[in-house]
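The UniProt record's numbering puts the first residue of the sequence shown at 1, with every later residue one more than the last. Note that the Cβ used here is the ideal one computed from N, Cα and C, for glycine as well. These numbers were taken from a predicted model, which means no experiment stands behind them.
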Amino acid sequence: MSTISDIGPAPLTIVDVHVVLRTPDGKILLSQRGGPYGYGQWHAPSGKLDPGEKPAHGAARELREETGITTDPARLRLAYTVLHHQAPAALRLGLFYLATEWQGEPVNREPEKCLDLRWFAEDDLPDDLIPYPAAGIRGALTDPGGLAHHGWPAA
C-alpha cells in the first residue's frame with residue numbers, strides 16, 4: 001500500500017477565479033493578454049484567489065479590478081471547474097463563474113496587463129483563446145456544472 005510520502009510532496013495548488021460575463025443576446029467579454037503568459041491571446045477576466053477570500057468574492061473583485069464592472073458575488077453562479085496540471089509541482093484549480101447581472105460598462109483598468117477588452121458572440125469565440133481558460137469558458141457555456149482535467153499527463 002502506498003502512502004502520500006511514497007509518491008512525494010503534494011503539488012502546490014493555486015486557485016484561479018474566472019468570470020464569464022454573458023449578455024442576454026449571448027455575447028461574452030474577453031480580454032487580450034498583454035503580460036508574458038499568453039501574450040496576445042484571449043481569456044475571461046480572472047485572477048488568483050486571495051488568502052481567506054471566498055471564491056465568488058474573489059471573482060467579483062477580479063472582474064471589478066480588471067474591467068470596472070461590479071457584480072454581487074451572490075449573483076455569480078459557479079458554472080464550470082477545471083483542474084489544470086501546470087507542471088509536476090503545480091496544480092491550478094480554475095473556478096469559472098457565469099455572470100448575467102452586473103453594473104457598468106467594461107473599461108481596461110489594467111493596460112499594463114491587458115491589450116484589449118472585447119465582446120464576442122459565444123458561438124464565435126476567437127481561435128486564439130489561452131487553452132486552459134478556453135476549457136473553462138467553453139465548459140461553462142456548454143456543460144454547466146461540469147469538470148475538466150486540462151494538461152494532465154497520459155496515465
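Legend entry - Contact check, P82 vs G47, beta carbons under 8 Å: Locating residue 82 in the sequence shown gives position 82, where the first residue counts as 1. Locating residue 47 in the sequence shown gives position 47, where the first residue counts as 1. The sequence given here places Val at residue 82; Pro does not occur at that position. No, they are not a contact pair.
Legend entry - Limits of the unbroken beta strand (DSSP E) element including G47: Locating residue 47 in the sequence shown gives position 47, counting from the first residue. Segment S46 to K48, the beta strand (DSSP E) holding G47.
Legend entry - Three-state class that DSSP yields for residue 159 in the structure shown: With the chain covering only 1 through 155, there is no way to say anything about residue 159.
Inset, instruction - Kindly list the residues whose CB is nearer than 6 Å to the CB of S5, restricted to its own chain and excluding five residues on each side of it in sequence; keep chain order. - result: Here residue 5 refers to the residue found at position 5 when the sequence shown is read from its first residue. With a pLDDT of only 43 at S5, under the threshold of 50, the placement of this residue in the model should not be trusted, and no figure is reported.
Legend entry - Rounded separation between A60 and L93 - CA only: Translated into the one-based positions of the sequence shown, residue 60 becomes position 60. Translated into the one-based positions of the sequence shown, residue 93 becomes position 93. The alpha-carbon atoms of A60 and L93 are separated by roughly 17 Å.
Inset, instruction - Would you mind reading off the limits of the alpha helix (DSSP H) that contains R64? - result: Your numbering for residue 64 matches position 64 in the sequence shown. First-last of the alpha helix (DSSP H) with R64: P55 to T67.
Inset, instruction - Note down, in chain order, each residue of its chain lying with its Cβ closer than 6 Å to the Cβ of W152, except the 5 sequence neighbours on either side. - result: The residue labelled residue 152 in the question sits at position 152 within the sequence shown. Excluding positions up to five away in sequence, the list reads H85.
Legend entry - Three-pair Cβ contact test at 8 Å for the segment 127-139 versus the segment 38-55: yes
Inset, instruction - Check each candidate in V15, R22 and L30 and name the one with the smallest Cα separation from Q103. - result: Start at 1 with the first residue of the sequence shown, and residue 103 comes out as number 103. Ranking the options by Cα distance to Q103, first place goes to R22.
Legend entry - Coil, strand or helix - residue 185 by DSSP: The question about residue 185 has no answer here: the residues shown for the chain are numbered 1 through 155.
Legend entry - T142 - DSSP class collapsed to helix/strand/coil: Counted from its first residue, the sequence shown places residue 142 at position 142. T142: helix per DSSP, three-state reduction.
Legend entry - Cβ-Cβ distance between residue 156 and P126 below 8 Å: Nothing can be reported for residue 156, as the shown portion of the chain is limited to 1 through 155.
Inset, instruction - Alpha carbon to alpha carbon, how far is L95 from residue 156? Give it in angstroms, no decimals. - result: Lying before the first or after the last residue shown, residue 156 is absent from the chain, which here runs from 1 to 155.
Inset, instruction - Taking only beta-carbon positions, decide if A154 is within less than 8 Å of chain C. - result: Among the chains in the structure shown there is no chain C, since it carries only a single protein chain.
Inset, instruction - Leaving aside the five residues before and after E122 along the sequence, list all residues of the same chain whose C-beta is less than 8 Å from its C-beta, in chain order. - result: Here residue 122 refers to the residue found at position 122 of the sequence shown. Cβ neighbours of E122 beyond the five flanking positions: R22, G26, K27, I28 and L141.
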